[in-house]
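If you read the sequence shown in this note's numbering, its first letter stands for residue 9, the second for the next number, and so on.
All remarks here apply to the structure that follows.
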Amino acid sequence: MMKKLFKLHLISLALCLLPLCLHAQEKTLAYYNTHESEILPDAQAAFRMGDYERTLELCHWHYIIFGDDSAYTLRDKSERCKQLTKEMNELQSAGNVEEAKQKASAILSLNPNDESAKATLSSEKVAHPVQAEDTMTVTSPVETVDVPVETDNLKDETVQPTFEEKPLEEPVVKPEPTPAVTPIKNHETRSRFVVKAGASILDLNQLSQTIAPGGAIGLYDLGGSRIGLEVGGFLCPGLSSLSASLMGLDAGLVIRAAKGIYPKLGVGFFSCKSTELTDSATLGLSAGGGITFLLGGHFCVEVGAKYYPAVKVGGTETVSTAGASYEFPSSPVILSGGIAPEVRIGFVF
9 MMKKLFKLHL ISLALCLLPL CLHAQEKTLA YYNTHESEIL PDAQAAFRMG DYERTLELCH
69 WHYIIFGDDS AYTLRDKSER CKQLTKEMNE LQSAGNVEEA KQKASAILSL NPNDESAKAT
129 LSSEKVAHPV QAEDTMTVTS PVETVDVPVE TDNLKDETVQ PTFEEKPLEE PVVKPEPTPA
189 VTPIKNHETR SRFVVKAGAS ILDLNQLSQT IAPGGAIGLY DLGGSRIGLE VGGFLCPGLS
249 SLSASLMGLD AGLVIRAAKG IYPKLGVGFF SCKSTELTDS ATLGLSAGGG ITFLLGGHFC
309 VEVGAKYYPA VKVGGTETVS TAGASYEFPS SPVILSGGIA PEVRIGFVF
């Protein structure tokens with residue numbers, strides 16, 4: 009009774025652990041998209057176990073998720089070990105023990121935990137493979153034939169029985185070759201789409217009146233490269249107290265300097281228009297740059313600055329003298345010019 013109860017508990021425990029085991033084996037690309045921190049440790053563990061196919065697959069997924077080259081060293085070592093393992097097995101099958109051991113030593117220099125290379129290095133003799141055309145002769149069981157003995161002529165002599173051998177030849181079939189594994193593409197392209205929103209201060213001398221909200225969209229890592237592009241725009245409604253409004257567009261070149269770090273340089277175009285004179289507007293150019301930081305793979309923060317020249321627009325000025333008021337043309341300074349800081353946050357797809 010106790011043994012039966014113990015077996016039931018053991019079976020229940022196995023059924024409880026079965027989903028966990030299946031979950032551990034089902035780490036796909038979709039799983040790693042939400043568990044990015046696990047992919048590189050899993051790739052390193054697969055490499056130590058000598059599973060180079062899985063290591064290459066995980067390195068490939070790491071590039072898809074992160075878009076950087078932090079797994080390239082592990083990928084190159086895995087490709088080298090995979091090729092050396094193939095050559096070692098071919099030499100071992102051909103009976104070239106010493107050459108196979110040399111390949112095993114090369115594998116262990118890259119991966120000291122490779123059990124297959126350790127076994128080859130400690131082996132003394134490698135069996136020759138059976139070829140398809142080789143045949144094996146199988147002798148059928150011996151059949152004993154009784155021979156009558158004439159007791160009159162052979163008194164004490166022992167009669168030796170005769171044997172009949174029927175050889176049977178059976179061909180040995182060579183095992184089917186293992187299907188070739190499609191190599192993993194290590195440089196699949198993946199571009200990143202970025203959307204950001206934020207604000208800039210166009211003139212630090214007029215802080216409350218020159219806050220300009222804006223946004224930008226960008227395409228980073230074009231074709232899997234380090235190059236990207238970004239365009240943005242802004243509008244400054246606070247200049248209404250200065251009888252003017254200002255809006256602008258800008259474009260920049262983005263370069264991936266390191267993992268998650270994207271510096272940007274660009275130029276912009278702006279238009280400052282008087283709210284008093286409909287046909288009066290001042291056009292100009294600005295220049296600037298910034299750095300975008302990717303956080304957690306899906307969020308980003310940009311810190312930057314732009315340079316604006318001094319901006320004036322046409323207008324009128326009322327002058328009163330001798331009890332009368334007169335309108336005279338004037339060109340008030342809207343922006344004093346200088347560095348305008350800028351901050352944006354956004355999402356990465």
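Ideal Cβ positions, reconstructed from N, Cα and C, are used throughout, including at glycine.
Since this is a predicted model, take the numbers as computed values, not measurements.
Item	Value
Which residue from I299, V321, R62 and L303 puts its Cα closest to that of G312?	I299
Is the beta carbon of F301 sitting closer than 8 Å to the one on F355?	no
Looking at the structure shown, is G222 part of a helix, part of a strand, or coil, going by DSSP?	strand
Could you tell me which residues DSSP pairs with R200 in its beta bridges?	Y228
State whether the segment 86–93 contacts the segment 112–123, with contact taken as three or more CB pairs (one from each stretch) at a distance under 8 Å.	yes
Ordered along the chain, which non-local residues of its own chain (more than five positions away) have a Cβ less than 6 Å from that of L257?	G241 and F277
Considering Cα atoms alone, identify which of L243, L261, A259 and V309 is closest to I353.	V309
Hey, L210 and Y316: beta-carbon distance below 8 Å or not?	yes
How long is the line joining the alpha carbons of S344 and G296, rounded to whole angstroms?	17 Å
Who are the Cβ neighbours of N41 in its own chain at under 8 Å, not counting the five residues just before and after it?	I73
To the nearest angstrom, how far is it from the Cα of G239 to the Cα of S78?	It should be pointed out that residue 239 corresponds to Val in this sequence rather than to Gly. Distance between the alpha carbons of V239 and S78: 29 Å.
Would you mind sorting R198 into buried or exposed? The rule is 16 or more other CB atoms within 10 Å of its CB.	exposed
Near V319, what residues of its chain come up, given a Cβ to Cβ distance below 6 Å and the 5 sequence neighbours on each side ignored?	C280, T290, I342 and L343
Could you tell me whether the Cβ atoms of A224 and V351 are closer together than 8 Å?	no
Do S131 and T93 come within 8 Å of each other at the CB atom, strictly closer than that value?	no
Who does C244 pair with in a DSSP beta bridge?	L254
May I ask you to report which of helix, strand or coil DSSP gives R352?	strand
Measure the alpha-carbon distance for A38 versus L66 and round it to whole angstroms.	12 Å
Start and end of the alpha helix (DSSP H) containing V321?	Taken as a continuous stretch (DSSP letters only), V321 belongs to no alpha helix (DSSP H), as it is neither H nor E.
Ignore the nearest five residues each way along the sequence and tell me which others in R62's own chain have a CB closer than 7 Å to its CB.	A54
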